[in-house]
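Per the numbering used here, residue 631 is the first one in the sequence shown, and the count goes up by one each step.
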Amino acid sequence: MARFTRTEVAKAMQQIGLVPLFFCDDVEKSKKVIKACYDGGARLLEFTARGDFAHEIFSELSKYAAIEIPQMIMGVGSVTDAAQASLYMSLGANFVVTPVLREDIALVCNRRKVLWSAGCGSLQEIARAEELGCEIVKLFPGGTYGPSFVKAIRGPQPWTSIMPTGGVSPDKENLKTWFDAGVTCVGMGSKLISKEIIRNEEYTKLQQLVEKTINIIQELR
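Here's what the structure looks like:
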């Protein structure tokens, strides 16, 4: 069961501006990744459900976060259907992120009042997602559409909150183009939590990179 309301999750996304995301099949390494992100100032983390038995890993991470870093809002990404969303919510997911717009996922998340973010790539999809109660829309793949797409959408729809994932990096120039275009927050995966950082267990480096990224975002706002 979610420990944070969808309002609290949306507020954290808006205030912090960064949602780190990653997948690792090693529970202990994953715990250290989460802790490094938390120590760097992140208060949300998306665990991408892309591997075999990923739900078992998420279950351990969810329990770890609740005890050791209770202010960390754990969510799940790459969710493809309602059954998967329900499973992860039962394991403590506080938000659900999807690569595409799935109405079945919207229904089960809304029923439990859990924030969900649908992957959209057109104005029509964004409008439908918002009609279904999506508070913050995921623009995916962000690098394909770019900041100009965000700016164009927010012209006629200034109420739309967008989180690009893909095509986002922790350097100031890249982040400036996104936030100048009007994004609410950004999702950042391998550009932030690289395979090398996980493999070499460079957790101090990760903590410093997360902190630097959040500071840049705060300066840009």
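Ideal placement from N, C-alpha and C gives every residue a C-beta, glycine not left out. Keep in mind that this is a model prediction, so the values were computed, not measured.
C-alpha gap between residue i and residue j, whole angstroms
i	j	result
Glu814	Ile735	Checking the sequence shown, residue 814 turns out to be Thr, not Glu. Between Thr814 and Ile735, the C-alpha separation is close to 22 Å.
Val780	Glu733	23 Å
Thr710	Leu737	13 Å
Ile646	Gln701	13 Å
Ser720	Asn830	32 Å
Ala632	Leu717	12 Å
Thr625	Ile756	Examination of residue 625 is not possible in this model, given that the chain is present from 631 through 851 alone.
Thr637	Cys764	12 Å
Pro788	Lys842	29 Å
Arg758	Ser747	12 Å
Lys825	Glu832	10 Å
Val657	Arg741	30 Å
His685	Trp808	32 Å
Cutoff 7 Å; reference residue i; Cβ partners in own chain excluding five residues on either side
i	result
Leu753	Ile783
Ala715	Val709, Val726, Ile735, Val738 and Cys739
Ile827	Lys835 and Leu836
Thr635	Lys743
Lys821	Val798, Ser799 and Pro800
Gly772	Pro794, Thr795, Gly796, Gly797 and Val798
Gly681	Phe653 and Asp655
Backbone secondary structure at residue i - three-state DSSP
i	result
Pro777	helix
Thr807	helix
Ile827	helix
Thr790	coil
Cys667	helix
Val840	helix
Leu651	strand
Ile846	helix
Gly749	strand
Met704	strand
Lys821	coil
Leu762	coil
Leu721	coil
Phe688	helix
Proximal residues to residue i (C-beta, below 6 Å), its chain only, five neighbours per side dropped
i	result
Gly722	Ser692
Gly705	Glu676, Ala723, Asn724 and Phe725
Ala712	Asp734, Ile735 and Val738
Sub-9 Å separation of residue i and residue j beta-carbons
i	j	result
Ile766	Ala640	yes
Met818	Met643	no
Ile703	Ser660	no
Phe770	Pro729	yes
Phe725	Glu676	yes
Val840	Gly671	yes
Thr834	Val816	no
Pro777	Asp810	yes
Ile697	Lys665	no
Leu651	Gly707	yes
Ile844	Leu674	no
Nearest-angstrom beta carbon gap, residue j and residue i [assumed within contact, 8 Å]
i	j	result
Cys667	Leu836	7 Å
Gly785	Lys768	At roughly 20 Å, the Cβ-Cβ gap does not stay under 8 Å, so Gly785 and Lys768 are not in contact.
Val663	Ile847	At roughly 20 Å, the Cβ-Cβ gap does not stay under 8 Å, so Val663 and Ile847 are not in contact.
Lys806	Leu850	6 Å
Tyr775	Gly812	Actually they are not in contact, since the Cβ atoms of Tyr775 and Gly812 sit about 13 Å apart, beyond 8 Å.
Chain D within 9 Å of residue i, Cβ atoms only
i	result
Ala713	Here there is only one protein chain, and chain D is not present.
Neighbourhood of residue i by C-beta distance below 8 Å, restricted to the same chain and skipping five residues each side
i	result
Gln838	Gly670
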